[in-house]
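Written below as structure tokens is the structure these notes are about.
Numbering (our numbering), first residue to last: 430 to 657.
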């Protein structure tokens, strides 16, 4: 990562032209290609990793982007498709065969209000987002699919992105005291599962309270919660 840079809608993104000729650039949320130029379409922090560029902002409504992992709730079943609420303006669609090992005779039967951890396979501003529950690299589920038990809570989109960063301290601090499972959706939802409801609530509260704390403050908070 380079130094943080704030961009506004209409700003041109200074991508190395020599590097872009040799590599395929992947544009994430907040960026659009216009001719030979890359333009910002929303305000926020410009970030990039290897050949992927995106703008990180704390917007309230999630806008689907291809390749992002999301937590969705099944709200309807239409033929061979499920309609899934992922927090966007319109529900996304999930095909019954978009699961590992699914066939016409052997496919998951999701009930209404089921929670699924999925990947955005196709995102277009003028169409419903499409989801699947398969890792395209391995063709396996790799954690995607229906999530049972546990607890789901909502938080800011910025906090969700930080939770996916290995350098975020709160998760390792909690893991030293409490074993738990977690799935983070980039649509502002987090799923937690632990050995007891008390631990689950403690973990969810600690994560939400950590959004504006530094590492020392996070450690003090975790220590105070664990001894209670």
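Glycine included, C-beta positions come from ideal geometry on N, C-alpha and C.
Its Cα nearest to that of residue 608, the residue 625 stands out among 625, 500, 597 and 520. By the CB criterion at 8 Å, residue 467 and residue 442 fall inside the cutoff. The three-state secondary structure of residue 622, taken from DSSP, is strand. Secondary structure note for residue 561: its beta strand (DSSP E) is the uninterrupted segment 559-562. In the three-state reduction of the DSSP assignment, residue 600 falls in the helix class, which pools H, G and I. For residue 506, the three-state secondary structure derived from DSSP is strand.
The beta-carbon separation of residue 473 and residue 484, rounded to 4 Å, stays under the 8 Å limit for a contact.
Taken atom to atom, the span from the alpha-carbon of residue 634 to that of residue 534 is near 42 Å. Taken through DSSP and simplified to helix, strand or coil, residue 632 comes out as helix.
Assigned with DSSP and collapsed to three states, residue 639 falls in coil, not helix or strand. With a cutoff of 8 Å on beta-carbon distance, residue 576 and residue 546 are scored as near each other. Distance between residue 616 and residue 503, taken at the CA atoms: about 15 Å. When rounded, the separation of the alpha-carbon atoms in residue 637 and residue 584 is 7 Å. Cα atoms of residue 623 and residue 611: separation of roughly 9 Å, rounded to the nearest angstrom.
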